[in-house]
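> Dropping a structure here in structure tokens format, bear with me for questions.
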Amino acid sequence: MTTTRGFPLRVLPALLLVTLALCGPWIAPHAIDTPVTAPYAEPGADAVLGGDQLGRDVLSRLLAGGRELVVSSLLVAVLVTAVAAVLSAVGALRPAVGRIVERAADVLMLLPAVLGILLVTLSWPGGGRLAVVAAAVALGVPYAVRLVAGAAAPVAATGYVEAAAAGGERLWHLVWREILPNLRATLLALFGLRFVAAVYLVATAGFLQVGPQPPAADWALMIRENSAGILLNPWAVVAPSAAIGLLALSVNLAAAALAPQTGRKAVPVL
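According to numbering that gives the first Met the number 0, the sequence shown is numbered sequentially starting from 0.
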């Protein structure tokens with residue numbers, strides 16, 4: 000059970016990291032594409048975290064490299080959660096539709112994530128980050144639908160929903176006013192999970208150079224570009240790797256803290 004004292008401790012790290020990632024480009028001490036030291040230089044006065052493979056300031060590129068990842072991951076998490084919520088609620092109220100949605104989800108879940116990203120980006124060469132977001136949404140919805148459908152079915156079978164349906168309420172009224180408000184805990188937990196998945200999916204795409212291209216500042220690109228010199232300046236790889244992990248973990252903890260305590264028992268483990 001989340002206490003009042005523990006609540007800020009679980010939410011504050013996510014707020015700080017997201018804010019830092021969004022505002023980072025404005026507070027970076029150096030230009031992201033200008034060498035300030037020797038390649039793979041150790042941390043010093045000119046570069047607190049040392050230099051990368053071209054002598055650029057690792058700290059500046061770290062501060063500037065998280066914005067697109069955060070925005071893309073938030074967008075993916077919001078879209079996946081919203082689409083899954085609506086499809087699952089409609090499927091719970093209309094079993095025939097629900098069976099079609101779940102069977103389609105089962106088929107799409109067979110597609111490996113990396114292969115899905117490559118297929119979308121190859122078929123949309125100029126899509127860049129937008130193509131990665133589209134692929135991440137398409138790959139995330141099937142998993143989310145399976146989770147939310149399991150939580151929506153018991154809600155749709157409750158007496159007040161059946162009474163509203165018998166009273167002539169329209170489908171969308173039942174979805175928005177009866178089903179979705181009772182899935183807040185599930186949807187917030189799902190949002191956290193999908194954000195984590197989106198972070199790693201978008202980062203993987205960046206590592207494969209699908210999306211931002213050099214010399215852009217991007218955490219995944221930093222890992223790829225500086226892996227050869229990890230023994231010379233470990234911070235060039237460790238810093239962006241830690242940033243990705245801490246971002247995913249903190250947002251997931253914040254979503255769990257924000258989820259209502261009531262109703263969590265209804266969330267099935269799939």
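Every residue, glycine too, gets a C-beta built ideally from N, C-alpha and C.
Everything numeric in this text was worked out from a predicted model, so none of it was measured.
Return helix, strand or coil for Pro34, following the three-state DSSP convention.
strand
> Leu15 to Thr203, Cα distance in whole Å?
24 Å
> Residue range of the alpha helix (DSSP H) that Ser249 falls in?
Per DSSP, Ser249 is one residue of the alpha helix (DSSP H) stretching across Trp234 to Leu257.
> Whole alpha helix (DSSP H) runs in the stretch 95-125 with 4 or more residues, listed along the chain?
112-122
> Please say whether Ala88 and Leu179 have beta carbons closer to each other than 8 Å?
yes
> What do you reckon, are the CB atoms on Met221 and Pro233 nearer than 8 Å?
no
> Taking only three categories from DSSP, how would you classify Gly205?
helix
> Assess, as a yes-or-no matter, whether the stretch 242-255 is touched by the stretch 183-191 under the definition of 3 or more beta carbon pairs within less than 8 Å.
yes
> Can you tell me the Cα-Cα spacing of Arg60 and Val237, whole angstroms?
13 Å
> Put Gly50 into one of helix, strand or coil per three-state DSSP.
strand
> By the 10 Å Cβ neighbour count, where 16 or more other Cβ atoms means buried, how is Leu78 classified, buried or exposed?
A residue is called buried once 16 or more other Cβ atoms fall within 10 Å of its Cβ, and Leu78 is buried on that count.
> Is the beta carbon of Glu177 sitting closer than 8 Å to the one on Tyr199?
no
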